[in-house]
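Mapping to my numbering: the sequence shown position 180 is 386, numbers consecutive.
Don't be surprised by glycine CBs; every beta carbon is placed ideally from N, CA and C.
All of these numbers come straight from a predicted model, not from anything done at the bench.
Right, one structure below, let's go through it.
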Amino acid sequence: MSALDPVPEAQLSDSPAGRAAEADGWFVVNVAEAAGMHTDRFGDACRFEVAAARFPEFGINVRVLEPGQPSCLYHRESAQEAFLVLSGECIAVVEEQERRMRTGDFLYTPSGTAHVIVGAGEGPCAVLMAGTRKNPEDLLYPVSEVAAKYGASVERETSDEGEAYAGVEAQAGPLGRVPW
């Protein structure tokens, strides 16, 4: 296919994870209905994609976090990421520093920047998260005193994602709601 050939529309299908494209192509899906997941520890996520049809060049999701709830574990990776607060408040822990963020605030983390986002304020926050995909990806979960205050640090440094997230249970499912 050349850059000038039309791109077909992807067929969307519904599953317990939510609505997602089955193959490459363009599509429109509502954030509340899109494929997602829930974890008690790391909140809710709308991922817009499923394993069978991952976006090859970037990852994008919307996280909905309750106050005090981290989006993931504090980490550094070989990919750049960007975060836009859609609603509510959160705290960005970046290189052992805390920065309060509110609706409309944007955070950019170059490749190699240690970071995590934690819900804050009086109610849920929603954060749009986007990052490049690299293969292979270098990933490190360092021990962080600041992130540990929010339950977002590993106890022992590791580059093994499976070890870092051992015991975390995720249930597939769409957000079903948006806090804005």
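Check: From ALA216 to ASP311, what does the alpha carbon distance come to, in whole angstroms?; Outcome: 32 Å
Check: Does the Cβ of ARG260 lie closer than 7 Å to at least one heavy atom of the ligand HEM?; Outcome: Only the bare structure without any ligand can be found here, which leaves the ligand HEM out of the picture.
Check: So ALA251 is in the beta strand (DSSP E); what residue range does that whole segment cover?; Outcome: 249–252
Check: Going by DSSP, what residue range makes up the alpha helix (DSSP H) through GLU287?; Outcome: Per DSSP, GLU287 belongs to no alpha helix (DSSP H); it is in the beta strand (DSSP E), 287–293.
Check: Restricting to Cα atoms, I'd like to know which of ARG225, VAL299, PRO316, HIS244 is closest to VAL270.; Outcome: HIS244
Check: Tell me whether GLY368 sits in a helix, a strand or coil according to DSSP, three-state version.; Outcome: helix
Check: Please tell me whether GLY325 and PRO385 are closer than 8 Å, where the distance is taken between their beta carbons.; Outcome: no
Check: Report back the beta-carbon spacing between ALA285 and THR338 to the nearest angstrom; my notes put them in contact at under 8 Å.; Outcome: 5 Å
Check: From this set, ASP366, SER359, GLU301, which residue's C-alpha is nearest GLN275's C-alpha?; Outcome: SER359
Check: Taking 6 Å as the limit between beta carbons, can you name the residues of its chain near GLU287, skipping five residues before and five after?; Outcome: THR315, GLY337
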